[in-house]
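Worksheet: the structure to be examined is printed underneath.
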Amino acid sequence: SSLFGLGAEHRRPPCARRPPLPAAMERLPTIDFSPFLADEGCVVGGSPTTGQRRVAEQIDSAMRGSGFLYMSGLGISDEEVRSAFRESRAMFERPAERNLAELAQWRQDKMMGYVPLRSEAINPTRAPDLHDAFTVQCPRLHCNDFRGAPPGFEAAACALWEKAERAARHFHLACALALSLPLSDLGCLAKTTEAFEMCQLKFNHYPPCDFVPGETDGTSGSGAIRAGEHTDFGTFTFLFLDGEAPGLQVKKTREGEGLNVVEDGGAGGAAWLDAPGRGGAVAVVNSGALLAQLTNDRWRATAHRVVVPSASEAARHRYSLPFFVFPDRDAVIDA
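Take any residue in the sequence shown, note its place counting from 1, add 283, and you have its number in this note's numbering.
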């Protein structure tokens with residue numbers, strides 16, 4: 284059996300897999316995660332409470348359906364999210380030349396710092412993405428360089444990290460319960476990510492841009508959009524959006540193709556679904572390619588992208604805050 288308890292006895296042949304569930308975004312409920320933040324039930328080593336089982340069932344249903352869900356009750360307040368977005372606006376609405384000159388620049392060996400506009404092409408078949416960003420790693424383990432950042436930026440980033448890390452630890456537990464693992468194995472997912480040394484909190488900024496029908500709206504497979512088609516490499520992602528932040532689109536990848544996302548999202552031409560934010564501290568949660576591998580594609584990875592849906596949205600600044608969860612450097616991944 285695998286490290287995660289998903290050995291042969293938990294794996295289904297393709298013909299026996301559960302059928303996909305309806306994936307219309309407007310029908311997805313906002314799952315209240317608060318039962319997993321209470322010191323009771325499986326959180327403290329006991330049998331799951333009724334509330335924890337209900338949440339686990341909702342997670343499994345959403346992950347088998349769209350691979351995507353909305354979640355509240357993560358222990359993060361609306362004000363903490365608003366504070367992070369205020370600091371993000373303070374950073375990115377000043378001249379880009381200032382950020383290039385004053386902020387620590389992102390480096391491959393550091394995986395933190397400022398990512399300039401059009402320096403990333405998440406989907407390499409497209410032109411570079413229409414966004415810039417600032418990446419933070421675990422403040423307990425890494426010396427993030429905040430020089431040149433707005434005065435309140437470091438405090439807001441560290442406060443959000445602390446709460447997101449706690450929520451992620453408990454979400455690992457909820458996923459294990461959702462996968463019907465034995466109670467004695469519910470901690471197996473959490474053991475892969477104990478230090479959070481590889482995780483990242485990214486402050487994304489999508490500045491005003493041209494609206495080019497047939498290109499920036501994602502219709503073309505080669506033109507620049509705000510973020511190209513991709514799946515996240517890791518286990519899962521919490522994504523906070525500044526209001527509705529229109530433009531995010533999602534769809535589930537084909538079986539076994541969590542890391543093979545092309546223009547059509549690796550989903551066999553299925554339609555992209557709009558996934559607007561629901562405000563405050565409600566997070567978009569999506570499954571990563573690693574989680575798809577660990578669950579034998581019971582939960583497939585969620586392909587996603589950010590397009591420019593209209594001229595009015597092209598004229599606006601857009602902001603998001605993804606918290607990417609990856610296993611620790613020395614974690615053994617056996618699936």
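No residue lacks a Cβ here, since even glycine has one placed at the ideal position from N, Cα and C.
| field | Any 3 or more C-beta pairs closer than 8 Å across the stretch 486–497 and the stretch 554–566 | value | Taking 8 Å as the limit for Cβ pairs, the verdict is that the stretch 554–566 does not touch the stretch 486–497.
| Which residues mark the beginning and the end of the beta strand (DSSP E) in which Arg588 is found? | Element bounds for Arg588: 585–589.
| Spatial neighbours of Gly324 in its chain, beta-carbon cut-off 7 Å, leaving aside the 5 residues before and after | When the five nearest sequence neighbours on each side are left out, the beta carbons in the same chain lying within less than 7 Å of the beta carbon of Gly324 are those of Ser330, Pro331, Thr332, Gln335, in order along the chain.
| said: Once the 5 residues before and after Gly431 are set aside, which same chain residues still bring their CB inside 6 Å of it? | reply: Closer than 6 Å at Cβ, skipping near neighbours: Glu385, Leu386.
| query | How would you write the range of the alpha helix (DSSP H) that Thr476 sits in, first residue to last? | reply | Neither: Thr476 is in no alpha helix (DSSP H) and is coded neither H nor E.
| field | Given Ser463 as reference, the closest of Gln576, Cys421, Ile359, Glu340 once Cα atoms are compared | value | Of Gln576, Cys421, Ile359, Glu340, the smallest CA-CA separation from Ser463 is found for Glu340.
| request: Kindly give me the distance between the Cβ atoms of Ala246 and Arg452, rounded to whole angstroms, as I take these residues to be in contact under 8 Å. | output: The displayed coordinates of the chain run from 284 to 618. Any statement about residue 246 would go beyond what the structure contains.
| query | Are Asp361 and Ala564 close, meaning C-beta to C-beta below 8 Å? | reply | Yes, the Cβ-Cβ distance between Asp361 and Ala564 is below 8 Å.
| query | Below 8 Å, can you find three or more Cβ-Cβ pairs linking the stretch 395–406 to the stretch 433–453? | reply | Taking one beta carbon from each stretch, the stretch 395–406 and the stretch 433–453 have fewer than 3 pairs nearer than 8 Å; the two do not touch.
| Apart from the five residues just before and just after Phe429, which ones in its own chain have a Cβ nearer than 7 Å to its Cβ? | If we look at Phe429 and ignore the five residues flanking it on each side, its Cβ neighbours are Phe436, Glu437.
| Which of helix, strand or coil DSSP assigns to Lys446 | Lys446: helix per DSSP, three-state reduction.
| Presumed contact (8 Å Cβ cut-off) between Val419 and Ile508, rounded CB distance | The beta-carbon distance between Val419 and Ile508, rounded to whole angstroms, is 25 Å. This is too long to meet the 8 Å contact definition.
| said: Taking only three categories from DSSP, how would you classify Gln335? | reply: The answer is helix: DSSP assigns Gln335 an H, G or I state.
| field | For Gln483: DSSP bridge partner residues | value | Per DSSP, Gln420, Phe607.
| Segment limits, beta strand (DSSP E) that includes Ala510 | Counting along the chain, the beta strand (DSSP E) containing Ala510 begins and ends at 510–513.
| The alpha helix (DSSP H) spanning Leu383 covers which residue range? | Segment 379–385, the alpha helix (DSSP H) holding Leu383.
| request: Please go through the same chain and pick out, in chain order, the residues whose beta-carbon is closer than 7 Å to the beta-carbon of Pro411, but skip the five residues on each side of it. | output: In the same chain as Pro411, and ignoring 5 residues on each side of it, the C-beta atoms closer than 7 Å to its own belong to Arg401, Ser402, Glu403, Ala404, Ala507, in chain order.
| Under a three-way DSSP split, which group does Pro297 fall into? | Low local confidence applies: a pLDDT of 32 at Pro297 is under 50, so the model's placement there is unreliable, with the coordinate-based value given in what follows. In the three-state DSSP reduction, Pro297 falls in the helix class (H, G or I).
| message | As a quick exercise: from Phe516, Pro592, Thr578, pick the residue whose alpha carbon is nearest that of Phe607. | response | The candidate whose alpha carbon is nearest that of Phe607 is Phe516.
| Between Leu456, Arg390, Pro433, which lies nearest to Gly470 when the distance is taken from Cα to Cα? | The candidate whose alpha carbon is nearest that of Gly470 is Leu456.
| request: Mind checking who Asn427 pairs with in its DSSP beta bridge? | output: Paired residue(s): none; Asn427 is not in a bridge.
| By how many angstroms is the C-alpha of Asn382 removed from the C-alpha of Phe375? | Straight-line Cα distance between these residues: approximately 8 Å.
| query | Which residue comes first and which comes last in the beta strand (DSSP E) that contains Ala566? | reply | It spans 566–570 - the beta strand (DSSP E) in which Ala566 sits, taken as one unbroken run.
| field | Buried/exposed call for Ile359, threshold 16 Cβ in 10 Å | value | Looking at its Cβ environment, which holds 16 or more other Cβ atoms inside 10 Å, Ile359 is buried.
| query | Beta carbon of Pro610, beta carbon of Thr520: below 8 Å? | reply | Not in contact: Pro610 and Thr520 (Cβ atoms no closer than 8 Å).
| message | Suppose you measure from the CA of Pro303 to the CA of Arg347; what does that come to, to the nearest Å? | response | Unreliable positioning characterises Pro303 in this predicted model, as indicated by a pLDDT of 41, which lies under 50. The coordinate reading is nonetheless provided below. When rounded, the distance between both Cα atoms is 6 Å.
| query | Can you name the start and end residues of the alpha helix (DSSP H) that Phe368 belongs to? | reply | Judged by DSSP secondary structure, Phe368 falls within the alpha helix (DSSP H) whose first and last residues are 361–375.
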